[in-house]
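Trainee: Chain order of the listed sequences is A and B. For the first sequence, counting from 1, position 329 maps to 329 in the UniProt record's numbering; every step adds exactly one. For the second sequence, counting from 1, position 185 maps to 185 in the UniProt record's numbering; every step adds exactly one. Virtual Cβ for every residue (Gly too), placed ideally from N, Cα, C.
Protein chains: 2
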Amino acid sequence: MATSESRISTNTNTIRFGILGCAEIARKVSQAIILSPNSTLHVIGSRSIEKARAYAKANNFHPTTKIYGSYDEVLDDHEVDAVYIPLPTSLHVEWAVRAAEKKKHILCEKPVALNVKDLDVILNACDSNGVQFMDGTMWMHHPRTRIMADFLADSRRFGQLKTVQSCFTFAADEDFLQNDIRVKPDLDALGALGDAGWYCIRAILWAANYELPKTVTALRITENGARVILSCDASLQWEDGKVATFNCSFLSNLTMDITAIGTKGTLHINDFIIPYKEAEASFSTVSEGWFTDMALEWNKKPSEHIVTTDLPQQALMIKEFSALVDGIKRHGLQPEKKWSTLSRKTHLVIDAVIASIDKGFAPVEV
Amino acid sequence: MATSESRISTNTNTIRFGILGCAEIARKVSQAIILSPNSTLHVIGSRSIEKARAYAKANNFHPTTKIYGSYDEVLDDHEVDAVYIPLPTSLHVEWAVRAAEKKKHILCEKPVALNVKDLDVILNACDSNGVQFMDGTMWMHHPRTRIMADFLADSRRFGQLKTVQSCFTFAADEDFLQNDIRVKPDLDALGALGDAGWYCIRAILWAANYELPKTVTALRITENGARVILSCDASLQWEDGKVATFNCSFLSNLTMDITAIGTKGTLHINDFIIPYKEAEASFSTVSEGWFTDMALEWNKKPSEHIVTTDLPQQALMIKEFSALVDGIKRHGLQPEKKWSTLSRKTHLVIDAVIASIDKGFAPVEV
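Quick look at the structure:
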């Protein structure tokens, strides 16, 4: 990890971040901003300057990190290139649009919005102001993800995708289930679907090379007293016969799987969102698996693939985002639309799951 | 493995098997009968005595193994205690009933019948003739299965079951897809659902401690030109909120998973039907998984559990079945109903999947 001295980069291609709010997840992302070689943590803003000060101290931010008592001050700071928005989802439209209008590039926590309509307000604001948009889905940036994608794209080793199963569950404690923003209808109304389900849906789309399904069917949900989803199972289906299912929950033990099965190969990963270990992550594959004579055993065991990384995935996310911002800022490039497209596809599926629930768990066209 | 001399046991508790037909799967089971310490392969019968002779020779059956040119001769042989029935499913009712009427104990390949109505004809015949019934689901008899069940039953390590995902897929070759009995409507009309799906459904029921789901919903099927199922996805739901999904297919790479998620623990197994290796099998568990500070890593990796066995699971199945037959034959015990109950529950779910397909993929009460 970089020392605190080296955090203050004098490189001209260093992107200066402002953070809106003192969310728990912002601790991890602020460290990532510090770790990434092309970014600096310029300012943290909170509605309470005392809270921001305490947060900066607790997280050992460099003394030169500015501290503001409002989000507007962050947006008005001309030295800030980009903002990271870890606010409750229901506040994203307001603050992302204001940030875009101030020409701040935007890294926004997921879910980005409560629905595609709101998302489009954000993305249109980014478009019309020429700023980069990216959501905070860290695992997309782990080098393992690209290597797994290479396997899935390989017609010889994997063939044609047939099935994806994904789950992300964690056993929230009583405090979370009572007080976390993710169980509050006025803050994160999508509950477990927008939080944990986001990753499953993204994983499924990723495995399907981002081809949207034709139909989505919610299978079952559990809600809290305020009708916020605490667990959800759903199925996605494509015209060509591909089927995916996912399970997301606040009520089950920590599990994060992708199983992708093709005509010729199978991929298994059990820690896709947050690797067991930061520096070294693995996944397993098997191609053209079959049996020995009389089906006594398999003819091969799956192969374990280990991928090492110097920077953790969250720092690689910041590095990628900052490089895109640098391209716009210093080289006149256009914003990279890939990331907003992925956010939008993910939200289209979330909307379809909600629509299916509203229709009594009937299939819904995406 | 026992030498051929030692196969001819003179123990009074040796159960003498007759096999009806020269199926490919019977090669594995005949070896298991030979391997199991309480059984002998007494006779192989085929509609063609030449075929039976060639089969006995090709599989190195002991010279004293009798060879008959009809199934009736097997049933009429008073030295035969039990028959193994690996015939096409559509023939099971006829031959299982005839075997039961001849007081032969029955080990029957899966699927046992085309539907629960037919199954009940078989089970009633077994009941009224006092013979033991067991289906040929080998993995139930691996010592690993019991150890995994202990984990699932442990309120401290696993908690309450919430989700099960299971799949069994294999990439059948062109010859299989054209000619195998499992794609023929007059032989194994349940296709991939009765063959591969059998295992997924059994795995789900096993994980749910054999509690039947309240509803079953088929999600998607692929059929061949003769309307035999080649792949099927379905969801099972229980009153208490448990949800299971499965995927079975002849059209995807070899994959055989159970993922069971409880409130406190998770079980993963990727070779549950046929272990990668005969003598040593594994599974992985994690209990109360959580993250390190800032969710940088997991606080623990899953534990890998290795289970060794002297006898392969198919021989342990024969041993268990033979011990039950011995109890009836020599000690006046009643047949063990556990195994027919499990077959029946599995078939109830298969019937519900078929009913859901027939109703346009609507939920069906079990």
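Name the chain B residues that come within less than 8 Å of L296/A, Cβ to Cβ?
Mentor: Residue 296/A sits at position 296 when you count from the first residue of the first sequence. Near L296/A (Cβ distances below 8 Å), the residues of chain B are K28, I274, E278 and P312.
Trainee: Inspect the CB distances between the region 25-42 of chain B and the region 218-229 of chain A and report whether three or more fall short of 8 Å.
Mentor: No, the region 25-42 of chain B does not touch the region 218-229 of chain A.
Trainee: Would H142/B and L333/B be called neighbours here (beta carbons separated by less than 8 Å)?
Mentor: Here residue 142/B corresponds to residue number 142 of the second sequence, with the count starting at 1. Here residue 333/B corresponds to residue number 333 of the second sequence, with the count starting at 1. Going by C-beta atoms, H142/B is not nearer than 8 Å to L333/B.
Trainee: Going along chain A in order, which residues have a C-beta closer than 7 Å to the C-beta of T263/B?
Mentor: On the second sequence, residue 263/B is found 263 positions in, with the first residue counted as 1. Those are A171, L251, S252 and N253, listed as they occur along chain A.
Trainee: Would D326/B and I15/B qualify as a contact pair, given that the criterion is a beta-carbon distance under 8 Å?
Mentor: Here residue 326/B corresponds to residue number 326 of the second sequence, with the count starting at 1. Here residue 15/B corresponds to residue number 15 of the second sequence, with the count starting at 1. Contact flag set, yes.
Trainee: So, with DSSP's three-state summary, where would you put S252/B?
Mentor: On the second sequence, residue 252/B is found 252 positions in, with the first residue counted as 1. Reduced to three states, the DSSP call for S252/B is strand.
Trainee: For N129/A, which of T309/A, A96/A and T145/A has the nearest alpha-carbon?
Mentor: Stepping through the first sequence from its first residue, residue 129/A is reached at position 129. The shortest Cα separation from N129/A among T309/A, A96/A and T145/A belongs to A96/A.
Trainee: State buried or exposed for Q314/A, treating a residue as buried only when at least 16 other CB atoms are found within 10 Å of its CB.
Mentor: The count along the first sequence starts at 1 and reaches residue 314/A at position 314. With 16 or more other Cβ atoms within 10 Å, it is buried.
Trainee: Pull out every residue of the region 221-245 of chain A whose Cβ sits closer than 8 Å to any Cβ of chain E, in chain order.
Mentor: Reference to chain E is not applicable here, since the protein chains of this structure are A and B.
Trainee: According to the neighbour-count rule (16 or more other Cβ atoms, all chains shown, within 10 Å of its Cβ), is R156/A buried or exposed?
Mentor: Locating residue 156/A in the first sequence gives position 156, where the first residue counts as 1. Classification of R156/A: exposed, given that the 10 Å Cβ count is below 16.
Trainee: Of all the residues that make up the region 302-335 of chain A, which are near chain B by a beta-carbon distance shorter than 8 Å?
Mentor: From the region 302-335 of chain A, only P302 and P312 have a Cβ closer than 8 Å to chain B.
Trainee: Among Y71/B, S70/B and I44/B, which one has its Cα closest to the Cα of A58/B?
Mentor: As a first step, residue 58/B is located in the second sequence; it is residue number 58 there, counting from the start. Closest option to A58/B, Cα to Cα, is I44/B.
Trainee: At which residues does the beta strand (DSSP E) containing A279/B begin and terminate?
Mentor: Along the second sequence, read from residue 1 onward, the residue named residue 279/B stands at position 279. First-last for A279/B: undefined, no H or E at that position.
Trainee: So, C167/B versus C200/B, is the Cβ gap smaller than 8 Å?
Mentor: In the second sequence, the residue the question calls residue 167/B occupies position 167. In the second sequence, the residue the question calls residue 200/B occupies position 200. Taking 8 Å as the Cβ cut-off, C167/B and C200/B qualify as a contacting pair.
Trainee: Could you name the residues of the region 20-54 of chain A whose beta carbon sits closer than 9 Å to any beta carbon of chain B, in the order they occur along the chain?
Mentor: Result list: E24, I25, R27, K28 and Q31.
Trainee: Tell me whether S356/B is buried or exposed, calling it buried when 16 or more other Cβ atoms sit within 10 Å of its Cβ.
Mentor: Sequence index remark: in the second sequence, residue 356/B carries index 356 (1-based). Buried.
Trainee: Answer with yes or no whether the minimum CB distance from F291/B to chain A is below 8 Å.
Mentor: Working through the second sequence from its first residue, we reach residue 291/B at position 291. F291/B counts as touching chain A.
Trainee: How would you write the range of the beta strand (DSSP E) that H42/B sits in, first residue to last?
Mentor: Position 42 of the second sequence, counted from the first residue, corresponds to residue 42/B. Unbroken beta strand (DSSP E) run through H42/B: S39 to G45.
Trainee: Provide the residue(s) that pair with G262/B in DSSP beta bridges, ordered along the chain.
Mentor: Against the second sequence, residue 262/B aligns to sequence position 262. BP columns for G262/B point to L161/B.
Trainee: Please decide whether H78/B counts as near chain A, where near means a Cβ-Cβ distance under 8 Å.
Mentor: Here residue 78/B refers to the residue found at position 78 of the second sequence. No, no contact with chain A.
Trainee: Closer than 9 Å by beta-carbon distance: list the chain B residues that pair up with E288/A, in chain order.
Mentor: Locating residue 288/A in the first sequence gives position 288, where the first residue counts as 1. Within 9 Å Cβ-Cβ: A171, N253 and L254.
Trainee: Compute the distance between the beta-carbons of residue 378/A and F272/A, then report whether it is under 8 Å.
Mentor: Residue numbering for chain A in the displayed model covers 1 to 366; residue 378/A lies beyond these limits and cannot be assessed.
Trainee: So, with DSSP's three-state summary, where would you put W139/A?
Mentor: Within the first sequence, numbered from 1, the residue matching residue 139/A stands at position 139. Looking at W139/A - three-state DSSP - the assignment turns out to be helix.
Trainee: Kindly indicate which three-state DSSP category T14/B falls into: helix, strand or coil?
Mentor: Position 14 of the second sequence, counted from the start, is the residue given in the question as residue 14/B. Three-state result, T14/B: coil.
Trainee: Given I261/B, which residues of its chain have a CB within under 7 Å of its CB, disregarding the five upstream and five downstream residues?
Mentor: Start at 1 with the first residue of the second sequence, and residue 261/B comes out as number 261. Excluding residues within five positions, the ones whose Cβ falls inside 7 Å are K162 and T163.
Trainee: In the DSSP assignment, find the unbroken alpha helix (DSSP H) run with K242/B in it and report its ends.
Mentor: As a working mapping, residue 242/B is identified with position 242 in the second sequence. Unbroken run through K242/B: none, as it is neither H nor E.
Trainee: So R227/B is in the beta strand (DSSP E); what residue range does that whole segment cover?
Mentor: Taking the second sequence and counting its residues from 1, the one referred to as residue 227/B is at position 227. Run containing R227/B: none; DSSP gives neither H nor E here.
Trainee: DSSP on L152/B, reduced to helix/strand/coil?
Mentor: Counted from its first residue, the second sequence places residue 152/B at position 152. Of the three classes helix, strand and coil, the one that applies to L152/B here is helix, per DSSP.
Trainee: Short of 8 Å in beta carbon distance, which residues of its chain neighbour G136/A, apart from the five on each side in sequence? Order them along the chain.
Mentor: The sequence position of residue 136/A within the first sequence is 136, counting from 1. Answer for G136/A: I25, V29, Y84, P86, L107, C108, E109, K110 and M317, listed in chain order.
Trainee: Identify whether E109/B lies in helix, strand or coil by the three-state DSSP scheme.
Mentor: Position 109 of the second sequence holds residue 109/B. Of the three classes helix, strand and coil, the one that applies to E109/B here is coil, per DSSP.
Trainee: Would a C-beta distance cut-off of 8 Å place P37/A and I181/A closer than the cut-off?
Mentor: Sequence index remark: in the first sequence, residue 37/A carries index 37 (1-based). Sequence index remark: in the first sequence, residue 181/A carries index 181 (1-based). In this structure, I181/A does not lie closer than 8 Å to P37/A by Cβ.
Trainee: Would residue 371/A and A171/A be called neighbours here (beta carbons separated by less than 8 Å)?
Mentor: The question about residue 371/A has no answer here: the residues shown for chain A are numbered 1 through 366.
Trainee: Mind checking which residues open and close the alpha helix (DSSP H) that includes E304/A?
Mentor: Residue mapping note: residue 304/A aligns to position 304 of the first sequence, counting from 1. Unbroken run through E304/A is the beta strand (DSSP E), S303 to T308; no alpha helix (DSSP H).
Trainee: Per DSSP, what kind of secondary structure is T215/B in: helix, strand or coil?
Mentor: Counting from 1 along the second sequence, the entry for residue 215/B is found at position 215. Three-state result, T215/B: strand.
Trainee: Beta carbon of G194/B, beta carbon of D188/B: below 8 Å?
Mentor: As a first step, residue 194/B must be located in the second sequence, where it is residue number 194. As a first step, residue 188/B must be located in the second sequence, where it is residue number 188. Yes; because the gap between Cβ atoms is below 8 Å, this pair is in contact.
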